[in-house]
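Peer 1: Residue numbers (our numbering): 179 to 684. Sharing a structure below in structure tokens format, with a few things to ask.
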């Protein structure tokens, strides 16, 4: 069965606009923009009973953009240029990682019926164990990973020759983040008012379990355009880090406003990993700001404080709204007393309990059990893992170890090391300046998201993260482009604020 969704018309409209613009930069930026609609699908394909594959809008557009990028590379003979050789050199660790992932497709056949795994489509549950068998999830995960590496490679290759593409993609990243924040706010309002939230459009992907209905009593769990709160926290932690770094680099107050709102929504997700990400990123930003100027430190501190207070008031408002709703429905004194007792779950305790007592909940117990089972697969598979897409974990670390084993883990560590070494060789310092505004911002954004991923997101294939990596790798291939773009943003900021470095008191 092949079924289109309401999101098909939105993507068709965006694709038409991109086509009419006759700009490949706009095409790629459109793909980057739609990468955040992870819970939606352009169409759903029924493979078997109860098994669907939903094509996300971002991936649908990426499938259309990739041939265009390959054609442009062939048109200007990039395959024989130094740009291509340099790109291959930069991407070698990722290509090795992708190659090993494809090789691991043989593991389910080798270890078939000898390992107990948590089937990826069975959900995170301590009781969800089954004997290892080759499945479609092996092919789908390997296919997604291979496509992401190839797509990111050609985007980076294009950026190395055309720096304007990086600017288009960063603008798309900022705008899509604003859409995610607006979607989260709409979801929050619709839970307590008559405001309409188009759930049939936003959550149309039948290939995923959609968790937009979750709540803790009166407290709504937010997932915006993603399937679950932890994925929203995964995205927003990076977005929050990027906005804070951008403010430290450019002194543009627009970034402060973005950081306050994104930090507040990040806390309102009720994701424990989101709380951890918020506090780690905030402390990092405060430490960096302390090295700049006391005024900058004060501004960052108040932005963090405002985000925290905004989330606190948001939790409190939801509790009051729930109490009022309960009182309206109450037809007798006993029901009214019950509504009054609901006030006992105060906002002061909610955020703390969400972070500290997560492990005591059933969800925390199930996550811990799946992670431990992934680790138990290592000795039973002689350290090679069960093969990509074979078992489900609750974190990126245990997902790599359980599916790709020690070799996959070591290759991923080397990939990170190679990227950092390349950035350092290119002159990147973790100090916000006009030269490293973009590379530094994207680096901290990726690092912040991966930090949350190591706690609670096992997905190797979030398209928005691969888009950020493609931008970063492209700027690594052309350091002069990164400096030029950063200085252009800095110059605009200086003109508006009448300063520059001296204007900031450095």
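Where a beta carbon is used, it is the ideal one built from N, C-alpha and C, also for glycine. Keep in mind it's a predicted model, so treat the numbers as computed, not measured.
Quick check: what's the CA-CA separation for residue 575 versus residue 292?
Peer 2: Near 23 Å, if we compare the C-alpha coordinates of residue 292 and residue 575.
Peer 1: Examine the ligand MG and report whether any of its heavy atoms sits within less than 6 Å of the Cβ of residue 225.
Peer 2: This structure simply doesn't include the ligand MG, nor any ligand for that matter.
Peer 1: Tell me whether residue 231 sits in a helix, a strand or coil according to DSSP, three-state version.
Peer 2: If DSSP states are grouped into helix, strand and coil, residue 231 belongs with the strands.
Peer 1: Would the beta-carbon of residue 437 fall within 7 Å of that of residue 449?
Peer 2: Cβ distance not < 7 Å, so residue 437 and residue 449 don't count as in contact.
Peer 1: Just to confirm my understanding: we take residue 286, look at its own chain, exclude 5 residues before and 5 after, and list those with CB closer than 8 Å. What are they?
Peer 2: Around residue 286: 310, 311, 312, 313, 316, 564, 565, 568.
Peer 1: So who's on the other strand from residue 323, going by DSSP bridges?
Peer 2: In DSSP, residue 323 forms no bridge with anything.
Peer 1: Which parts of the stretch 439 to 474 are runs of the alpha helix (DSSP H), unbroken and 4 residues or longer, counting only runs that do not cross its ends?
Peer 2: Complete alpha helix (DSSP H) runs here, min 4: 450 to 468.
Peer 1: Take residue 522 and list the residues in its own chain whose beta-carbon comes closer than 8 Å to its own, dropping the five residues that flank it on each side.
Peer 2: Because the pLDDT of residue 522 is 44, which lies under 50, any placement of that residue in the model is unreliable, and the question is left without a value.
Peer 1: What residues in its chain sit with their C-beta under 8 Å from that of residue 182, if we drop five residues either side in the sequence?
Peer 2: Excluding sequence neighbours, residue 182 sits near 220, 221.
Peer 1: Do you know offhand how far residue 397's Cα is from residue 410's?
Peer 2: Using only the alpha carbons, I get a separation of about 16 Å.
Peer 1: Kindly identify the DSSP beta-bridge partner or partners of residue 630.
Peer 2: Per DSSP, none; premise fails for residue 630.
Peer 1: Apart from the five residues just before and just after residue 370, which ones in its own chain have a Cβ nearer than 6 Å to its Cβ?
Peer 2: For residue 370, where only same-chain residues beyond five positions count, the Cβ hits under 6 Å are 499.
Peer 1: Helix, strand or coil, according to DSSP, for residue 503 in the structure here?
Peer 2: Helix at residue 503.
Peer 1: Is it buried or exposed for residue 277, if we count other Cβ within 10 angstroms and need 16 for buried?
Peer 2: Classification for residue 277: exposed.
Peer 1: Quick check: the Cα distance between residue 490 and residue 215, rounded to an integer number of angstroms?
Peer 2: Between residue 490 and residue 215, the C-alpha separation is close to 27 Å.
Peer 1: Helix, strand or coil for residue 422 per DSSP?
Peer 2: Of the three classes helix, strand and coil, the one that applies to residue 422 here is helix, per DSSP.
Peer 1: What number of angstroms, rounded off, separates the C-alpha of residue 520 from the C-alpha of residue 445?
Peer 2: Here the model assigns residue 520 a pLDDT of 47, short of 50, so the residue's position is not dependable, and the following value carries that caveat. If you take the alpha carbons of residue 520 and residue 445, they lie about 22 Å apart.
Peer 1: Contact defined as beta carbons within less than 8 Å: I believe residue 244 pairs with residue 208. What is the distance between those atoms, to the nearest angstrom?
Peer 2: The pair is not a contact, with the Cβ atoms about 13 Å apart (cut-off 8 Å).
Peer 1: Can you give the Cα-Cα distance for residue 562 and residue 573, rounded to whole angstroms?
Peer 2: Each residue's alpha carbon lies about 18 Å from the other.
Peer 1: Since residue 653 contacts residue 616 with CB under 8 Å, what's their CB separation in whole angstroms?
Peer 2: Contact holds; Cβ gap of about 6 Å.
Peer 1: Could you pull the start and end residues of the beta strand (DSSP E) that residue 223 belongs to?
Peer 2: Taken as a continuous stretch (DSSP letters only), the beta strand (DSSP E) holding residue 223 covers 221 to 226.
Peer 1: Just the Cα atoms here: how many angstroms apart are residue 596 and residue 271?
Peer 2: Between residue 596 and residue 271, the C-alpha separation is close to 7 Å.
Peer 1: Do you know how far the Cα of residue 459 is from the Cα of residue 353?
Peer 2: Going by the C-alpha atoms only, they are around 21 Å apart.
Peer 1: Quick one: Cα of residue 339 to Cα of residue 269, how far?
Peer 2: Roughly 16 Å between the two C-alpha positions.
Peer 1: Which residues does DSSP pair with residue 689 in a beta bridge?
Peer 2: Past the boundaries of the shown model lies residue 689; the chain is included only from 179 to 684, so the question cannot be answered.
Peer 1: Using the rule of at least 16 other Cβ atoms within 10 Å of the residue's Cβ for burial, across every protein chain shown, is residue 609 buried or exposed?
Peer 2: By the 10 Å Cβ count, residue 609 comes out exposed.
Peer 1: Which residue comes first and which comes last in the alpha helix (DSSP H) that contains residue 281?
Peer 2: Run containing residue 281: 260 to 281, per the alpha helix (DSSP H) assignment.
Peer 1: Would you mind sorting residue 526 into buried or exposed? The rule is 16 or more other CB atoms within 10 Å of its CB.
Peer 2: Below a pLDDT of 50, predicted positions are generally treated as unreliable, and residue 526, at 48, falls in that range; the measurement from the model is reported next regardless. Flag for residue 526 reads exposed.
Peer 1: State yes or no: is the C-beta of residue 192 within less than 7 Å of the C-beta of residue 382?
Peer 2: Not in contact: residue 192 and residue 382 (Cβ atoms no closer than 7 Å).
Peer 1: Answer yes or no: does any C-beta atom of chain D fall closer than 7 Å to that of residue 185?
Peer 2: Looking at the structure shown, chain D is missing, and only one protein chain is on hand.
Peer 1: To the nearest angstrom, how far is the alpha carbon of residue 647 from that of residue 471?
Peer 2: Residue 647 and residue 471: Cα-Cα distance of roughly 31 Å.
Peer 1: Report, in whole angstroms, the separation of the C-beta atoms of residue 451 and residue 418, which I expect to be a contact under 8 Å.
Peer 2: Not quite, the Cβ-Cβ distance comes to about 13 Å (not below 8 Å), so this is no contact.
Peer 1: Closest by CA to residue 570, which one among 185, 227, 298, 233?
Peer 2: It is 298.
Peer 1: Enumerate in chain order the residues of its own chain whose CB-to-CB distance from residue 669 is below 7 Å, with the five nearest sequence positions on each side excluded.
Peer 2: Note that residue 669 has pLDDT 44, beneath the 50 cutoff, so the model's placement of it is unreliable and no number is given.
Peer 1: Rounded to whole angstroms, what is the Cα-Cα separation between residue 225 and residue 386?
Peer 2: Their Cα atoms are separated by approximately 14 Å.
Peer 1: Cα separation between residue 457 and residue 431?
Peer 2: Near 21 Å, if we compare the C-alpha coordinates of residue 431 and residue 457.
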